[in-house]
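Only one structure is covered here, and it is reproduced in the block below.
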Amino acid sequence: MKAQPTASHFIDGAFVEDTSGAVIEVIYPATGAVLARLHEATPALIDRALAAAARAQGDWAALRPVERARILRRAADLIRAHGEELARLETLDTGKPLQETRVADWPSGADALEYFAGLAPTVTGETIPLGRDFIYTLREPLGVCVGIGAWNYPSQIACWKSAPALAFGNAMVFKPSEVTPLSALRLAEIYMQAGLPPGLFNVVQGRGAVGGALITDARVAKVSLTGSVPTGRKVYAAAAEGMRYVTMELGGKSPLILFDDANLDDAVGAAMMANFYSSGQVCSNGTRVFVQKGLKDAFLARLKERSEAIRLGDPLEEATQMGPLVSQTQLDKVMGYIDTAKREGARLVTGGARADLNSGYFVQPTVFADVTDDMTLAREEVFGPVMAVLDFDTEAEAIARANATEFGLAAGVFTADLTRAHRVVGQLQAGTCWINAYNLTPVEGPFGGNKASGVGRENGHAAVQHYTQVKSVYVGMGPVDASF
Ligand code: NAP
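Position one of the sequence shown corresponds to residue 44 (the numbering used here), numbered consecutively onward.
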């Protein structure tokens, strides 16, 4: 099986190769087979990408917003027209089952292109009357934006970052994770096919050092990172040095609170979606499942039954519901957390081992009960199919324990009592919350984290603030009143 792209990078409207860069092997996580060999970007290529972006951005910003929007909408249509091919590419790159990549990954990217195409022409300034004089404001693009992606949603992340950047008149240089480098190259091709002028969306491959070189370049106005908290700290600090704008979409350890009066099957289904979708490799996952004591036994019994029915297997098979983890590194990390949970006294309800399938990086859907707040499993982001179930008595206790974390990405509440639902959500320290739902992130809604989980928001109208800056213009309508 091969998925070798035309070349490693896409710069100034064309595929570019430079074999002097270190090799990146792209692995199919379901078998460990090498799908493609790419090369890291050399300093000369990084410079070319940034120069192309800087050169192209001015003319792009000078277009009418509807003209930019038309190109983005065409790109969204192309993504949908190539849906099956793109889903397969995403499955090869990430190991996620086709059942997911057909409906979640590229489709959510296409939604972002369509949404920001619609929003672009609505972005306006304001007029501030001052009697004789007045001020008007303009929302201007930032310039060259750098996007750096994580490996768990490669196509979605590339679209969620590039769509608002381009819609509002910026250019982008995007560095995918070296673990999943293929989708962003395909997106660059699609943008070109849709009529995007060369230089506006460039893809350079590489590990952290390539990202580091991009974010410290004087031509860069903004950095948008999706990644872990430790990487976020480094990237935020480097961006601050150059006084650059940032969006930080980082990790989490989000609480999902299930009250006794919640619908049992909905609560179980949501907890499973919040821990097993994408083999648990979702930043906003509700990995601390707080279950009120009256619901606990029924919840665990139903959860065990449904978890054991999940079909693990070749992600390219139609019937497969759960694929492998993305890499050997991630597999080792997740198995380490499972061992630690056992050692620290959490009670294994189901799973807890590797699934031996075709030498892929498969882990059984795993549930631990009787998890306490001090256990490693309740404190650190695992990023695998490992659910921690904790129990609680009162609403106040659940809120306090849910908030007792450095993270603040997401949170969910299941209850039949809507007054309680809103009361609880009002006190949860999280950027994205759900009531009687979990992990739904339509592009219309702002998404992002509080506390260590992030800075800024992606999607929704909120994204306008993060890809534009305000210019304030004072207009004098009379003679200058000079003091001298
Ligand atoms: P990661 O290790 O933090 O890497 C993220 C990206 O940053 C990668 O492209 C990485 O390159 C690059 N990078 C690493 N060090 C860098 C540096 N010093 N300067 C510039 N760039 C650098 O994260 P990951 O393991 O790929 O992804 C999983 C994490 O992402 C989880 O913590 C998850 O919660 C988070 N995430 C958050 C969201 C959100 O929206 N909040 C969404 C998805 C994922 P290489 O990988 O090539 O080294």
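C-beta atoms are modelled at their ideal positions from N, C-alpha and C, and glycine is treated no differently. These numbers were taken from a predicted model, which means no experiment stands behind them.
1. Rounded to whole angstroms, what is the Cα-Cα separation between THR475 and PHE490?
2. Please classify ALA14 as buried or exposed, where buried requires at least 16 neighbouring CB atoms within 10 angstroms.
3. Rounded to whole angstroms, what's the CA-CA distance from ALA124 to ALA505? Just pull it up for me.
4. If contact is defined by three or more beta carbon pairs under 8 angstroms, each pair taking one atom from either stretch, is the stretch 399-408 in contact with the stretch 266-282?
5. Pop quiz: VAL266 and VAL289 are said to be a contact at Cβ under 8 angstroms. What is the actual Cβ separation, rounded to whole angstroms?
6. Among the residues of its own chain, which have a CB less than 8 angstroms from the CB of GLY126, if the five just before and after it don't count?
7. Quick one: using the 10 Å Cβ neighbour count with 16 as the cut-off for buried, is ASN401 buried or exposed?
8. Following a CB-centred definition, is ILE258 positioned closer than 7 angstroms to any heavy atom of the ligand NAP?
9. Given this structure, state the Cα-to-Cα distance separating ALA214 from LEU433, to the nearest angstrom.
10. In three-state DSSP terms, what is TRP194?
11. Determine the burial state of GLU133: buried for a count of at least 16 other Cβ atoms within 10 Å of its Cβ, exposed for fewer.
12. Hey, quick one: how far does the alpha helix (DSSP H) through GLN100 stretch, first residue to last?
13. Helix, strand or coil: which one does DSSP assign to SER526?
14. Using the Cβ count rule (16 or more neighbours within 10 Å means buried), how would you classify GLY138?
15. For the alpha helix (DSSP H) containing GLY254, name the first residue and the last one.
16. So what's ILE353 in DSSP terms, helix, strand or just coil?
17. Return the CA-CA distance between MET44 and GLY56, expressed in angstroms with no decimal places.
18. Given that a residue counts as buried once 16 or more other Cβ atoms are within 10 Å of its Cβ, and exposed if not, what is GLY366?
19. Buried or exposed: which applies to THR462, given that a residue is buried once 16 or more other Cβ atoms fall within 10 Å of its Cβ?
20. Closer than 7 angstroms to a non-hydrogen atom of the ligand NAP - does that hold for the CB of ARG390?
21. Tell me which residues share the same chain as ALA495 and place their Cβ nearer than 6 angstroms to its Cβ, disregarding the 5 neighbours each side in the sequence.
22. Return the chain-ordered ranges of every alpha helix (DSSP H) run that is complete within the stretch 265-342 and spans a minimum of 4 residues.
23. Report yes or no: do three or more beta-carbon pairs, one from the stretch 366-386 and one from the stretch 62-76, lie closer than 8 angstroms?
24. Quick one: is the Cβ of TYR196 within less than 7 angstroms of any heavy atom of the ligand FMN?
25. Spatial neighbours of GLN512 within its chain, please: C-beta separation below 7 angstroms, excluding the five flanking residues on both sides.
26. Would you be able to state if there are at least three C-beta pairs under 8 angstroms between the stretch 380-399 and the stretch 417-432?
27. Please report the straight-line C-alpha distance between ILE442 and LEU471, rounded to a whole angstrom.
28. Distance check for LYS204 and VAL109, CA to CA, integer angstroms please.
29. Is the stretch 281-288 in contact with the stretch 316-334, if contact means three or more CB pairs nearer than 8 angstroms?
30. Would SER198 pass as an interface residue toward chain C - the criterion being a Cβ-Cβ separation below 8 angstroms?
31. Could you tell me which uninterrupted beta strand (DSSP E) segments, each at least 3 residues in length, are contained entirely in the stretch 137-181, listed from first to last along the chain?
32. Quick one, which of ARG250, GLY254, LEU115 and TRP194 has its alpha-carbon nearest LEU209's?
33. When burial is assigned at 16 or more other CB atoms within 10 Å of the CB, is ARG175 buried or exposed?
34. Cutting at 6 angstroms between CB atoms, please list the residues of its own chain near GLY190, excluding the five before and the five after it.
35. Can you tell me which of MET235, VAL278, ALA305 and SER51 puts its alpha carbon nearest to the alpha carbon of ALA256?
36. Report buried or exposed for ALA525, applying the criterion of at least 16 other Cβ atoms within 10 angstroms of its Cβ.
This is what the structure holds:
1. The residue labelled residue 475 in the question sits at position 432 within the sequence shown. The residue labelled residue 490 in the question sits at position 447 within the sequence shown. Whole-angstrom Cα-Cα distance: 6 angstroms.
2. Any answer about residue 14 is impossible in this case: the structure gives the chain only from 44 up to 527.
3. Within the sequence shown, residue 124 is the residue found at index 81, counting from 1. Within the sequence shown, residue 505 is the residue found at index 462, counting from 1. The alpha-carbon atoms of ALA124 and ALA505 are separated by roughly 29 angstroms.
4. no
5. Numbered from its first residue, the sequence shown carries residue 266 at position 223. Numbered from its first residue, the sequence shown carries residue 289 at position 246. About 5 angstroms; that satisfies the 8 angstroms criterion.
6. Translated into positions along the sequence shown, residue 126 becomes position 83. Here the set comprises ARG145, TRP149 and PRO150.
7. Counted from its first residue, the sequence shown places residue 401 at position 358. Exposed: under 16 other Cβ atoms inside 10 Å.
8. If you number the sequence shown from 1, residue 258 lands on position 215. In this structure, the ligand NAP has a non-hydrogen atom nearer than 7 angstroms to the beta-carbon of ILE258.
9. Residue mapping note: residue 214 aligns to position 171 of the sequence shown, counting from 1. Residue mapping note: residue 433 aligns to position 390 of the sequence shown, counting from 1. Taking the straight line from one Cα to the other gives about 46 angstroms.
10. Position 151 of the sequence shown, counted from the start, is the residue given in the question as residue 194. If DSSP states are grouped into helix, strand and coil, TRP194 belongs with coil.
11. As a working mapping, residue 133 is identified with position 90 in the sequence shown. With 16 or more other Cβ atoms within 10 Å, it is buried.
12. Residue numbering aside, residue 100 sits at position 57 when the sequence shown is read from its first letter. GLN100 -> alpha helix (DSSP H) spans 86-105.
13. For this step, residue 526 is matched to residue 483 along the sequence shown. Residue state, collapsed to three classes: coil.
14. Taking the first residue of the sequence shown as 1, we reach residue 138 at position 95. GLY138 comes out buried.
15. Taking the first residue of the sequence shown as 1, we reach residue 254 at position 211. Residues 251-258.
16. The count along the sequence shown starts at 1 and reaches residue 353 at position 310. If DSSP states are grouped into helix, strand and coil, ILE353 belongs with coil.
17. As a working note, residue 44 is residue 1 in the sequence shown. As a working note, residue 56 is residue 13 in the sequence shown. Approximately 28 angstroms, taken between the alpha carbons.
18. On the sequence shown, residue 366 is found 323 positions in, with the first residue counted as 1. Its Cβ being crowded by 16 or more others within 10 Å, GLY366 is buried.
19. Stepping through the sequence shown from its first residue, residue 462 is reached at position 419. Classification of THR462: exposed, given that the 10 Å Cβ count is below 16.
20. To locate residue 390, count along the sequence shown from 1; it is residue 347. No - the ligand NAP has no heavy atom lying nearer than 7 angstroms to the Cβ of ARG390.
21. The count along the sequence shown starts at 1 and reaches residue 495 at position 452. Counting only Cβ-Cβ distances below 6 angstroms, and skipping sequence neighbours, we find VAL272, GLU449 and PHE450.
22. Here the runs fully enclosed are 272-284 and 307-319.
23. Judged by pairs of C-beta atoms under 8 angstroms, the stretch 366-386 touches the stretch 62-76, as three or more such pairs exist.
24. What this structure holds is the ligand NAP, not the ligand FMN.
25. Within the sequence shown, numbered from 1, the residue matching residue 512 stands at position 469. The residues are GLU183 and LEU185.
26. yes
27. As a working mapping, residue 442 is identified with position 399 in the sequence shown. As a working mapping, residue 471 is identified with position 428 in the sequence shown. Rounded to the nearest angstrom, the two C-alpha atoms are 7 angstroms apart.
28. Residue numbering aside, residue 109 sits at position 66 when the sequence shown is read from its first letter. Residue numbering aside, residue 204 sits at position 161 when the sequence shown is read from its first letter. So the two alpha carbons sit approximately 19 angstroms from each other.
29. no
30. Protein chains in the displayed structure number just one, and chain C is not present.
31. Here the runs fully enclosed are 170-173.
32. The sequence position of residue 209 within the sequence shown is 166, counting from 1. For LEU209, the nearest C-alpha among the options comes from LEU115.
33. Stepping through the sequence shown from its first residue, residue 175 is reached at position 132. ARG175 comes out exposed.
34. Mapped onto the sequence shown, residue 190 falls at position 147. So the qualifying residues of the chain are LYS204, MET215, PHE217 and SER267.
35. Here residue 256 corresponds to residue number 213 of the sequence shown, with the count starting at 1. When each option's Cα is compared against that of ALA256, the closest is VAL278.
36. Here residue 525 refers to the residue found at position 482 of the sequence shown. Flag for ALA525 reads exposed.
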